[in-house]
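One structure is given here, and the rest of the page talks about it.
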Amino acid sequence: MDAIVIKADPAELRARRERALSSVRLTEEQLRARIEAGTATPEERDAWQEVDTVAFLLGA
Amino acid sequence: MTFDLAAAAGEFGEELQQLLDAVLPYEEGVDPELRQVTVTASGLAFAVEIGTAKAKEAKAISLLHKGNKVAELFIQIRLVADSVDRYPAVAKSKFELRVNRHPLLRLDFDRSMHSAPGCHWNIHAERGAITNLLVRHNPDHSGELSKLHLPVGGARMRPCIEDLLQLLVEEFRFDAMSGARQAIEDGRIKWRRRQLASMVRDDPEEAVRVLRDELGYEIMSPASGAPGVRFDRLRRW
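First to last, the sequence lines map onto chains A and B.
All letters in the first sequence, in the order written, are residues 34 to 93 by this note's numbering.
All letters in the second sequence, in the order written, are residues 667 to 903 by this note's numbering.
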């Protein structure tokens, strides 16, 4: 298996964030609050990971 | 995005893929592309994840025992351009051992972190005596062991992914490829030489002292003047 390099597409990244948020039925602010309070479920932690990655790539 | 930087990030991803493939067997019946290392490039930033190209989200690697999935390894690495925009440097990484998405062990690195050790282990377990000590003496701590940051040498001396892989295959006895040990040791040598080079750049004075006074080398300072010691880097936990 070879690794793959893909160029980020801002629209696709925003869609990725939306998919993550809708998978846990929370807004970004609600999800952030649950992460900060330490009450997030494993699914919510994964969703936050997605949101955080998108923010990293869009902010670059 | 400069060509060289993107190419170097791609090489980083390829090296990771080769290491993972040399150590951990694929899960039978699962699309192998869900284990493909994906480097997503955005300007001078790169997200290194597993399976994103196929799944459109980061996936974890299945850890097997006698061919059956028993745990997962989640890997996430973020690269940014170094100070001269020539090489990708790891800004942040997360390696997590999970069961059913629940974290058990996590090795976190964040080079910009100041409130906690830049690189630390989190242990997702309970131990009453530790909780008791934490809450009794640190009113700002919840007492949860999983929120204790166990420091592991800072940016330069932190463990490499090879260390974690060896822990997985030797202590947990997860299934491993036949040449796993060799791949781990080869990767560890590369990692430690890179880190050593970075440490020499942090503290050329000490490097010169050892080479000259202990090993007998003759060393001339550059015409432009000897670079100073970056004590800020040596000081950080």
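Glycine included, C-beta positions come from ideal geometry on N, C-alpha and C.
Asked                                                                                                                : Found
Minimum length 3: unbroken beta strand (DSSP E) runs contained in the region 746–832 of chain B                      : 754–765, 768–776 and 785–789
Distance CB(B:PRO783)-CB(B:HIS815) smaller than 8 Å                                                                  : yes
Opposing strand residues paired with B:THR704 [DSSP bridges]                                                         : A:ILE37 and B:GLU715
Exposure label - B:ARG744; buried when at least 16 CB within 10 Å                                                    : buried
B:SER728 - partner residues in DSSP beta bridges                                                                     : B:GLU738
Whole-number beta carbon distance between B:SER864 and B:ARG822, since they are thought to touch under 8 Å           : 6 Å
N-terminal and C-terminal residue of the alpha helix (DSSP H) that A:GLU62 is part of                                : 61–70
Close-in-space but distant-in-sequence residues of the same chain around B:MET667 (CB under 7 Å, 5 per side omitted) : Since pLDDT at B:MET667 reaches only 48, below the 50 mark, its modelled position is unreliable, and the value read off the structure follows with that caveat. So the list reads ALA707, GLY709 and LEU710, once near-sequence residues are dropped.
Members of the region 695–717 of chain B near chain A, C-beta cut-off 9 Å                                            : PRO698, GLU699, ARG701, GLN702, VAL703, THR704, VAL705, THR706, ALA707, SER708, GLY709, LEU710, ALA711, PHE712, ALA713, VAL714 and GLU715
Beta carbon of B:ALA721 nearer than 8 Å to that of B:LEU739                                                          : no
Amino acids of chain A, ordered along the chain, whose beta-carbon sits closer than 7 Å to that of B:ASP776          : Neighbours of B:ASP776 on chain A: none; closest Cβ ~12 Å, over 7 Å.
Best match in B:TRP857, B:ARG854 and B:LEU900 for proximity to B:GLU872 [C-alpha to C-alpha]                         : B:LEU900
Paired residues, beta bridge with B:ARG744 - DSSP                                                                    : B:ALA713 and B:LYS758
A:GLU76 at chain B interface by Cβ criterion, 8 Å                                                                    : yes
Straight-line gap, B:LEU690 to B:ASP841 (C-alpha atoms, nearest Å)                                                   : 7 Å
Closer than 7 Å at the beta carbon, the chain B residues around A:ARG49                                              : LYS722 and GLU723
Euclidean distance between Cα positions of B:ILE789 and B:PRO769                                                     : 9 Å
B:ALA842, enclosing alpha helix (DSSP H) - first and last residue                                                    : Neither: B:ALA842 is in no alpha helix (DSSP H) and is coded neither H nor E.
Under 8 Å by beta carbon: chain A residues contacting B:GLU680                                                       : ASP35 and ALA36
The region 832–850 of chain B: positions lying closer than 8 Å to chain A by Cβ                                      : none
Any C-beta of chain B under 8 Å from that of A:ILE83                                                                 : The question names Ile, yet the displayed sequence has Glu at residue 83 of chain A. By this cut-off, A:GLU83 is an interface position.
Local Cβ density within 10 Å of B:LEU729, reported as buried at 16 or more and exposed below that                    : buried
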